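Each position in the sequence shown, counted from 1, maps to that position plus 930 in the working numbering.
Here the structure is laid out as structure tokens; the discussion comes afterwards.
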Amino acid sequence: MTVPPLTAEEIVTLTKEHSFFSWSAQDAVNPIPMSKAKGVYFWDANGKRYFDLNSQLMCVNIGHGDQRVIDAIKAQAEELAYAGPSMASKVRAEIGRELAEVTPGDLKRFFFTLGGAEANESAIKMARAFTGRQKIMTRYRSYHGATAGSITLTGDHRRWANEPGIPGVIRFFDPYKYRSSLYQEGDSDVIFARKCLDQIEEIIMYEGPHTIAAIFLETVTGTNGVIIPPDGYLQGLRGICDK
């Protein structure tokens, strides 16, 4: 018996009936029935072509259907599709070595995960275990993931429904000039960065420097407005962490 292909409407209906969509009102969601993709384009099940300016979730940054990626996936699946976390493998060795060649300073060892939220969860545990401290600092205009710990680190409204979340998360304001109480018209980037850093240091003093395990931040804030830090901000924050 040959099963007829699903229509675009059936794909959408079945997907909505049997799947949850992230960050969406489930009854209102209206997904595109994506069927294929190549380069900077994807097509829906009706054959309509779309220009994928978002690279899906900002991750298909070399384009869809790159033959080099397809060939690499096929070759690896045929040779070794899965190795447990306690195993060593050629690809794990090679990617570790290549990362170590481009990371700064003594950052030469890596913990590989499947996504950003899982990476942040692991980083929370590592920071607390290594320092013996509990508090994590993060910014208000931030998004760090949807799992229990990472949504607590998240500063924007998406965390509200998930509070109280994990304990020990302290927040500070972003280096964002628009409507900032720290910014005064005419302030240079250097002056504004210094004001933001001074505020962070003040918060740390109130919280107790000996209680802070780590500071989490996006170097350039993404979903909360593409906030680019002023010159000297990240270097100053690194200095605070070292202190």
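Glycine included, each C-beta is placed from N, C-alpha and C at the ideal position.
As the structure is a prediction and not an experimental result, all values here were calculated from the model.
Start-to-end residues for the beta strand (DSSP E) that takes in residue i
{"i": "M964", "result": "M964 to K968"}
{"i": "I992", "result": "No beta strand (DSSP E) holds I992; DSSP gives it neither H nor E."}
{"i": "A1144", "result": "I1142 to I1145"}
Where residue i falls: helix, strand or coil (DSSP)
{"i": "Y1163", "result": "helix"}
{"i": "K1055", "result": "helix"}
{"i": "I1157", "result": "coil"}
{"i": "A958", "result": "coil"}
{"i": "A1047", "result": "helix"}
{"i": "D1036", "result": "coil"}
{"i": "G1169", "result": "helix"}
{"i": "S985", "result": "helix"}
{"i": "F1042", "result": "coil"}
{"i": "F1060", "result": "helix"}
Opening and closing residue of the alpha helix (DSSP H) in which residue i lies
{"i": "R1022", "result": "K1020 to V1032"}
{"i": "L1010", "result": "No alpha helix (DSSP H) contains L1010, which DSSP labels as neither H nor E."}
{"i": "K946", "result": "A938 to H948"}
DSSP bridge partner residues for residue i (one or two, in chain order)
{"i": "I1000", "result": "Paired residue(s): none; I1000 is not in a bridge."}
{"i": "W973", "result": "K966 and R979"}
{"i": "K1065", "result": "I1142"}
Proximity winner among the options, relative to residue i (alpha-carbon distances)
{"i": "R979", "options": "K968, L987 and C989", "result": "K968"}
{"i": "F951", "options": "S1110, A1076 and I1054", "result": "A1076"}
{"i": "R1027", "options": "F1040, S1016, A1143 and M1017", "result": "F1040"}
{"i": "G1155", "options": "I1096, H1140 and D1086", "result": "D1086"}
{"i": "L1164", "options": "F1122, P1139, Y1136 and T1153", "result": "F1122"}
{"i": "F986", "options": "A1002, I1000 and P961", "result": "Here residue 986 turns out to be Gln, not Phe, going by the sequence shown. Nearest of A1002, I1000 and P961 to Q986, Cα basis: P961."}
{"i": "L1127", "options": "P1139, F1102 and Y1136", "result": "F1102"}
{"i": "N1021", "options": "G1116, P1034, T1033 and Q1006", "result": "One detail in the question is off: residue 1021 reads as Val in this sequence, not Asn. It is Q1006 whose Cα lies nearest to the Cα of V1021."}
{"i": "K1038", "options": "T1068, L1044 and A1030", "result": "A1030"}
{"i": "Q1064", "options": "L1010, F1042 and I1096", "result": "I1096"}
{"i": "I1142", "options": "S1072, G977 and M1067", "result": "M1067"}
{"i": "L1147", "options": "H1140, I1157, G1138 and P1139", "result": "I1157"}
{"i": "S1072", "options": "R1088, T1061, R1058 and A1078", "result": "R1088"}
{"i": "G995", "options": "L1010, A1018 and K966", "result": "K966"}
**Prompt:** What runs of the alpha helix (DSSP H), each 4 residues or longer, lie entirely inside the stretch 1067-1137?
**Reply:** 1078-1083 and 1119-1137
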